[in-house]
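What follows is one structure encoded as structure tokens, with my remarks underneath.
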Amino acid sequence: MIVLLVMLLLFAHPAWSETRIAAVNINRLMENAPQAQSASLGMKEKFSKKEQVLLSQRDEIREMEARYKREKDMMSAEEKEKLEEKIRGRLRDFKRESDDFTEDFSLARNEVLNKLQSDVYKAIVSVAERENYDLVVSESVLYASKRIDITDQVLTRLKELNQ
Numbered sequence: 009m010i011v012l013l014v015m016l017l018l019f020a021h022p023a024w025s026e027t028r029i030a031a032v033n034i035n036r037l038m039e040n041a042p043q044a045q046s047a048s049l050g051m052k053e054k055f056s057k058k059e060q061v062l063l064s065q066r067d068e069i070r071e072m073e074a075r076y077k078r079e080k081d082m083m084s085a086e087e088k089e090k091l092e093e094k095i096r097g098r099l100r101d102f103k104r105e106s107d108d109f110t111e112d113f114s115l116a117r118n119e120v121l122n123k124l125q126s127d128v129y130k131a132i133v134s135v136a137e138r139e140n141y142d143l144v145v146s147e148s149v150l151y152a153s154k155r156i157d158i159t160d161q162v163l164t165r166l167k168e169l170n171q
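This is how it looks when you write it as structure tokens:
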């Protein structure tokens, strides 16, 4: 049994020394990939108009509430009730539209992130295969030498894929 273990260690060592390992910084790739930047712009274009509408509605509701607080002592009971109902209706509508916006935004963001993760994975695999790496690890390891960091190569590949 001991002889078998010694033989394994003796013959396995040369194989280990030829194993090519690389590390990538996934966070940096996700932030700096051109696909991430164009996706961010696309999300802003798609959702900024609705966000502005919601902000405007919120400001209108705040103004109505401020008016109510300022003028409630001078209003008749009927006027107070009318304004309170109007404020409640606007708040209901605002909450519904805000919830819809949040849901739509989250779905779109998740879709974009899934696509980006797929692109990053494909780029990592492409670089790893081209450079003959046996193992590519995330930089979340305790230590990785800069010479095995292929993040810049993967970013270059992502730029090529983006064109």
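Quick note on numbering: the sequence shown equals residues 9 to 171 in the working numbering.
Even glycine gets a Cβ: it sits at the ideal position worked out from N, Cα and C.
Since we're looking at a predicted model, the values are computed, not measured.
Local conformation of residue i per DSSP, three classes
i	result
residue 134	helix
residue 108	helix
residue 143	strand
residue 85	helix
residue 151	coil
residue 125	helix
residue 163	helix
Distance CB(residue i)-CB(residue j) smaller than 8 Å
i	j	result
residue 127	residue 31	no
residue 165	residue 114	no
residue 142	residue 29	yes
residue 44	residue 124	yes
residue 136	residue 54	no
residue 163	residue 47	no
residue 78	residue 102	no
residue 120	residue 51	yes
residue 63	residue 106	no
residue 76	residue 91	yes
Which residues DSSP lists as bridging residue i, in chain order
i	result
residue 157	31
Cβ neighbour criterion (16 or more within 10 Å) applied to residue i
i	result
residue 37	buried
residue 159	buried
residue 131	buried
residue 168	exposed
Below-8 Å beta-carbon distance, residue i vs any chain D residue
i	result
residue 52	Within the model displayed, chain D is absent; a lone protein chain is all it includes.
Within the segment 19-78, ranges of the beta strand (DSSP E) (whole runs, at least 3 residues): Taking only runs of at least 3 residues, the beta strand (DSSP E) segments lying wholly in the segment 19-78 are 29-32.
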